[in-house]
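Residue numbers (the numbering used here): 1 to 411. For every residue, glycine included, the Cβ atom is placed at its ideal position computed from N, Cα and C. Note that this is a predicted model, so its numbers are computed, not measured. The structure appears right after this line, and notes come after that.
This is the structure:
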């Protein structure tokens with residue numbers, strides 16, 4: 001997709017600083033410098049975000065912003081496993097044109113991992129997948145990359161996704177990642193402001209596929225999305241390295257029973273059944289917080305889900321207070337979806353108590369939960385440097401007392 005001089009330049013300076021290369025551009029008149037710098041930067045980013053792609057010589061990368069916005073390999077692989085599980089729940093009809101269709105192809109990361117997972121699942125006799133994208137340039141990039149990645153079962157179609165949907169045959173699973181920019185180009189995350197608007201095409205989607213997998217902004221209120229879309233059978237809140245990255249909704253024409261919610265953070269998975277009319281109370285600790293207790297901080301996906309009552313029920317936990325989002329137990333738990341700490345001491349904000357509790361501590365990792373001071377303000381007040389193996393959670397207990405929970409991470 002480029003000239004020989006540019007290809008050599010990209011390979012020669014694969015590890016170089018692109019800003020430094022840009023300053024030396026005049027020394028390489030035969031090189032398509034904007035493209036070369038984009039490829040070098042893209043490959044460097046891919047080494048951590050898409051390592052299996054970075055290992056393939058000749059992959060063409062998109063602009064910096066597209067690389068930032070595309071799924072990580074870890075998140076894309078999760079979608080692939082999810083698609084396999086969903087398709088495995090149904091008998092796969094023979095003779096249909098495609099088993100998987102991506103209506104918003106983009107850079108093709110999600111498409112490639114979902115398609116490869118479905119192909120390798122042996123669920124289909126003659127698996128075929130279709131990537132649909134309205135931008136001709138992206139279709140060209142996708143065709144090039146899919147060839148290098150060995151996706152011989154993938155067709156690339158340059159078309160508007162909604163127009164393709166209107167004319168397509170029934171398929172096993174449809175995937176959409178609506179663009180989170182409105183007609184004015186402003187960033188958005190509300191379903192109705194994204195393109196395409198899934199609310200407008202949901203009924204048609206569920207008549208054209210056994211399952212529809214929709215990727216939405218992690219900023220979205222998933223409870224409202226479930227209420228608005230009607231056909232949601234599963235919700236997947238996906239975090240990578242404890243940072244909430246994606247909200248995935250599974251749609252089906254007929255939804256039987258409650259919505260199944262999956263809170264995912266790397267290898268941690270906590271799932272439960274969500275009832276829109278559910279009013280589960282979070283049990284609150286009535287006894288005083290004390291040295292020797294175990295403290296638990298849920299991961300980002302649990303926090304996004306807000307499933308604290310279900311978490312307490314599953315692990316026999318008590319909340320420090322209604323708004324703390326911190327939980328305790330008297331015995332150490334294994335497999336908790338988040339971080340665990342042994343409480344070494346509990347201190348009030350009384351100066352004498354603080355002096356005693358912080359004796360010998362000069363470094364600490366500080367977090368505040370339902371507390372009137374910011375981390376910066378509290379660190380200044382306590383005169384502690386950042387770091388070390390001590391963790392301090394500043395919070396308010398059920399009776400309104402402002403406390404510091406001082407501890408170390410569980411082994």
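Cβ-based burial, residue i [other Cβ within 10 Å; buried from 16]
| i | result |
| --- | --- |
| residue 221 | exposed |
| residue 102 | buried |
| residue 322 | exposed |
| residue 145 | buried |
| residue 265 | buried |
| residue 247 | buried |
| residue 281 | exposed |
| residue 136 | exposed |
| residue 355 | exposed |
| residue 112 | buried |
| residue 25 | exposed |
| residue 229 | buried |
| residue 43 | buried |
| residue 151 | buried |
Cα-Cα separation between residue i and residue j, rounded to whole angstroms
| i | j | result |
| --- | --- | --- |
| residue 392 | residue 236 | 31 angstroms |
| residue 60 | residue 167 | 31 angstroms |
| residue 38 | residue 68 | 13 angstroms |
| residue 329 | residue 347 | 18 angstroms |
| residue 358 | residue 385 | 12 angstroms |
| residue 83 | residue 367 | 37 angstroms |
| residue 202 | residue 320 | 41 angstroms |
| residue 11 | residue 369 | 49 angstroms |
| residue 286 | residue 300 | 26 angstroms |
| residue 250 | residue 211 | 7 angstroms |
| residue 341 | residue 315 | 15 angstroms |
| residue 149 | residue 53 | 8 angstroms |
| residue 269 | residue 6 | 45 angstroms |
| residue 62 | residue 345 | 51 angstroms |
| residue 233 | residue 227 | 11 angstroms |
| residue 365 | residue 132 | 47 angstroms |
| residue 66 | residue 303 | 27 angstroms |
| residue 16 | residue 374 | 40 angstroms |
| residue 123 | residue 77 | 17 angstroms |
| residue 407 | residue 283 | 23 angstroms |
| residue 400 | residue 349 | 12 angstroms |
| residue 90 | residue 125 | 14 angstroms |
| residue 196 | residue 27 | 45 angstroms |
| residue 402 | residue 380 | 17 angstroms |
| residue 157 | residue 204 | 20 angstroms |
| residue 47 | residue 114 | 20 angstroms |
| residue 219 | residue 29 | 45 angstroms |
Residue i - partner residues in DSSP beta bridges
| i | result |
| --- | --- |
| residue 102 | 131, 175 |
| residue 158 | 133 |
| residue 319 | 284, 327 |
| residue 51 | BP columns for residue 51 are empty, so no partner. |
Nearest to residue i (by Cα), restricted to the options the options
| i | options | result |
| --- | --- | --- |
| residue 20 | 41, 304, 327, 169 | 41 |
| residue 58 | 99, 143, 387 | 143 |
| residue 318 | 303, 294, 300, 74 | 294 |
| residue 353 | 297, 275, 404 | 404 |
| residue 96 | 170, 113, 155 | 170 |
| residue 395 | 408, 378, 233, 337 | 378 |
| residue 55 | 137, 26, 23, 14 | 14 |
| residue 153 | 99, 253, 181, 271 | 99 |
| residue 238 | 141, 372, 217 | 217 |
| residue 387 | 401, 361, 373, 399 | 361 |
| residue 397 | 336, 327, 411 | 327 |
| residue 32 | 325, 8, 411 | 8 |
| residue 214 | 180, 240, 243, 310 | 180 |
| residue 120 | 138, 85, 90 | 85 |
| residue 290 | 312, 335, 305, 331 | 331 |
| residue 252 | 231, 372, 259 | 231 |
| residue 64 | 223, 36, 88, 192 | 36 |
| residue 335 | 401, 276, 411 | 411 |
| residue 337 | 356, 355, 310, 349 | 310 |
| residue 241 | 44, 27, 73, 3 | 73 |
| residue 272 | 313, 87, 47 | 313 |
| residue 223 | 26, 191, 113, 45 | 191 |
Short Cβ contact (8 angstroms threshold) for residue i with residue j
| i | j | result |
| --- | --- | --- |
| residue 209 | residue 173 | yes |
| residue 198 | residue 178 | yes |
| residue 110 | residue 71 | yes |
| residue 49 | residue 80 | no |
| residue 118 | residue 127 | yes |
| residue 307 | residue 261 | yes |
| residue 418 | residue 245 | For the chain, the structure presents residues 1 to 411; residue 418 sits outside this window and is missing. |
| residue 390 | residue 363 | yes |
| residue 104 | residue 165 | no |
| residue 409 | residue 351 | no |
| residue 130 | residue 155 | yes |
| residue 421 | residue 288 | The first residue shown for the chain is 1 and the last is 411, placing residue 421 beyond what the model contains. |
| residue 305 | residue 263 | yes |
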